[in-house]
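Residue numbers (our numbering): 759 to 876.
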Amino acid sequence: YSQMFSEDLFTTFIQSAIRMGKIDVMEHMLQSMKHRGMVPSCECWRAILKLASSRKCFKACLYMYSMFEKDTPSDKVIFSCLMNAALEVGCPQHALAMIPRYSEGGLEAKDHVLMLRT
């Protein structure tokens with residue numbers, strides 16, 4: 759049955775797990791996606807990272823990045839969440855390493871202020 763899961767269904771399950779504080783379930787669902795060769799879309803990344811960040815599940819954000827690092831879209835919302843997560847868990851070197859990818863995300867002048875504030 760799990761082979762019939764769409765990205766939307768995985769995203770919904772992952773968001774539910776985050777809301778319930780079940781980060782282990784979120785990690786398992788991400789592993790299942792990767793095992794099935796699924797690559798999260800930009801919309802999936804945004805939905806999961808924004809919710810995880812708002813719930814202060816910063817390690818969960820970084821776990822998702824570690825699972826799909828090379829497939830992470832260069833998107834300013836995604837990398838803003840990831841850089842903030844890295845700083846919140848005390849890993850400024852990870853945030854620093856993300857700056858080049860963050861810069862690829864079509865930044866506007868105001869986004870540079872956000873990056874510096876992050």
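The C-beta atom is built at its ideal place from N, Cα and C for all residues, glycine as well.
Using CA coordinates, which residue listed in the options is at the minimum distance from residue i?
i	options	result
Glu785	Arg859, Met825 and Arg777	Met825
Lys828	Met856, Thr769, Ala775 and Gln851	Met856
Arg804	Phe771, Cys839, Phe763 and His852	Cys839
Thr770	Ala810, Arg794 and Pro850	Ala810
Asp833	Lys780, Val847, Leu807 and Leu767	Leu807
Cys800	Arg813, Ile836, Leu854 and Leu845	Ile836
Tell me the DSSP secondary structure of residue i in three-state form.
i	result
Ser790	helix
Thr830	coil
Glu862	coil
Glu765	helix
Tyr759	Note that Tyr759 scores 43 on pLDDT, short of 50, meaning its location in the model is unreliable and no value can be drawn from it.
On the CB-based measure, 16 or more other CB atoms within 10 Å of its CB, does residue i come out buried or exposed?
i	result
Met877	Examination of residue 877 is not possible in this model, given that the chain is present from 759 through 876 alone.
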